[in-house]
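Everything in the sequence shown is counted per our numbering, starting at 159 for the first residue and increasing by one.
We put the CB at the ideal spot given by N, CA and C, even for glycine.
Data block below; observations after.
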Amino acid sequence: MSDSTFAIGLGIGTQNKEGTWLEVFYPSPLVSPEQSIIAAVKESTNYEGGNATLVLDESDLNRLHLALLKAGHIELAERASRLKPSSQPVVLCVLDTDEAPANPAEVYLKLQLISHRQVQPHNTKLDGMFGLLVNTAWTSEGPIDVRELADRQLSARMEGRTIEVFSVDKFPKMANFVVPTGVRIGDAARIRLGAHLGEGTTVMHEGFVNFNAGTLGTSMVEGRISAGVVVGNGSDLGGGCSTMGTLSGGGNIVIAVGEECLIGANAGIGIGLGDRCTVESGLYITAGSKVAVLDENNEVVSVVKARELSGQSDLLFRRNSETGAIECKTNKTAIALNEALHAHN
Numbered sequence: 159m160s161d162s163t164f165a166i167g168l169g170i171g172t173q174n175k176e177g178t179w180l181e182v183f184y185p186s187p188l189v190s191p192e193q194s195i196i197a198a199v200k201e202s203t204n205y206e207g208g209n210a211t212l213v214l215d216e217s218d219l220n221r222l223h224l225a226l227l228k229a230g231h232i233e234l235a236e237r238a239s240r241l242k243p244s245s246q247p248v249v250l251c252v253l254d255t256d257e258a259p260a261n262p263a264e265v266y267l268k269l270q271l272i273s274h275r276q277v278q279p280h281n282t283k284l285d286g287m288f289g290l291l292v293n294t295a296w297t298s299e300g301p302i303d304v305r306e307l308a309d310r311q312l313s314a315r316m317e318g319r320t321i322e323v324f325s326v327d328k329f330p331k332m333a334n335f336v337v338p339t340g341v342r343i344g345d346a347a348r349i350r351l352g353a354h355l356g357e358g359t360t361v362m363h364e365g366f367v368n369f370n371a372g373t374l375g376t377s378m379v380e381g382r383i384s385a386g387v388v389v390g391n392g393s394d395l396g397g398g399c400s401t402m403g404t405l406s407g408g409g410n411i412v413i414a415v416g417e418e419c420l421i422g423a424n425a426g427i428g429i430g431l432g433d434r435c436t437v438e439s440g441l442y443i444t445a446g447s448k449v450a451v452l453d454e455n456n457e458v459v460s461v462v463k464a465r466e467l468s469g470q471s472d473l474l475f476r477r478n479s480e481t482g483a484i485e486c487k488t489n490k491t492a493i494a495l496n497e498a499l500h501a502h503n
């Protein structure tokens, strides 16, 4: 075991008939837990180090409760004791190191760490997670393996009940697992688990935030934050706008939006934005878009591909209403910007 453990979670899990984890709910996961917590876990359970997922019975929880009390972690001890009457499996997941997840329980711990704001997007390894997750029906009776859904629905009907299916997906909605402080969410179904919503963020009804993505501060989100996209403090996404994510054509390119930016209604970006940038409503900029860089007299200084402007601050992107050309103006002098862009040539 290393000197610093990456994360630990104690929660309640759901399995399919084959014993595969469909999901695990960790009410209070911890990043970098004190080593006295890990020592208490080793003393009271079968955990022997490394990355491990264990199912604890009542006697395990009794021993864990006492070990945590002995170590002075009263609140954690009470949480362990509270889980003893659970009819569902009690899951202990310890991640000694931040490696690619090995099972769904580890995936769920990492996604909840992001949504709890304990880890920012891109700061934990999620490689290969899609292959580990089971396609699940998220229903009024909890998660059900989609392959088992028809039988469960028939059984419910025979008992005079109807199972309502809210979605069929490998990801649940975030709010069923985590509701961060200081946020407003118009439609909880549009925020996937693993989203990171900064304090002060409002997501309106048409807004969408994918996993391993989100906002770092105060933002108004009326558009789409795709997988992997991170939006800086004070930036707003107008109605119907889009950010190109790593799952929607961006490949391995990570799109980031800096602070105090505005992406107008029905606009979109396939490049990163620095701070204080504006994209005109209705304008979609892909990495290969030809952009005319204008000076203070609106004269064209150069024409570049949009990817060359990626990450630059203080830019205004607009479309010429007469020619249809995409144009870029800057708070800096256009000549200085042009020199910076071509300094490597």
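Pick helix, strand or coil for residue i, following the three-state DSSP scheme.
i	result
Glu364	coil
His280	coil
Glu457	coil
Arg477	strand
Pro301	strand
Ala425	coil
Lys122	Residue 122 is absent from the model: the chain starts at 159 and stops at 503.
Ala308	helix
Arg465	helix
Val265	helix
Arg275	coil
Gly372	strand
Glu485	strand
Val199	helix
Arg350	strand
What is the residue span of the alpha helix (DSSP H) that residue i lies within?
i	result
Arg237	232-240
Val182	Taken as a continuous stretch (DSSP letters only), Val182 belongs to no alpha helix (DSSP H), being part of the beta strand (DSSP E) at 179-183.
Lys228	216-228
Met402	That residue, Met402, is in no alpha helix (DSSP H); it is neither H nor E in DSSP.
Leu431	Counting along the chain, Leu431 falls outside any alpha helix (DSSP H), and DSSP gives it neither H nor E.
Leu290	287-290
Please work out which residues of its chain come closer than 8 Å, Cβ to Cβ, to residue i, disregarding the five sequence neighbours upstream and downstream, and give them in chain order.
i	result
Ala445	Ile411, Gly428, Ile429, Lys463, Ala464, Arg465, Ser468
Leu224	Ser202, Ala235
Val265	Pro259, Leu284, Met287, Leu290, Leu291
Arg477	Glu438, Gly440, Leu441, Ala483, Ile484, Glu485
Which same chain residues end up closer than 7 Å to residue i when comparing Cβ atoms and leaving out the 5 residues on each side of it in sequence?
i	result
Asn334	none
Asp394	Ser377, Met378, Leu420
Run through the DSSP bridge pairs and tell me what residue i is partnered with.
i	result
Ala295	Ile302, Val326
Gly167	Cys251
Met378	Thr360
Ile343	Val361
Asp394	Leu420
Ile443	Ile427
Please go through the same chain and pick out, in chain order, the residues whose beta-carbon is closer than 6 Å to the beta-carbon of residue i, but skip the five residues on each side of it.
i	result
Gly286	Ala258
Lys448	Val461
Leu431	Val415, Gly416, Cys419
Would you mind reading off the limits of the beta strand (DSSP E) that contains residue i?
i	result
Leu452	448-452
Lys331	No beta strand (DSSP E) contains Lys331, which DSSP labels as neither H nor E.
- prompt: Using 8 Å as the threshold, is the segment 318-327 in touch with the segment 358-376, meaning 3 or more CB pairs across them?
  reply: Cβ pair count under 8 Å is below three, so no.
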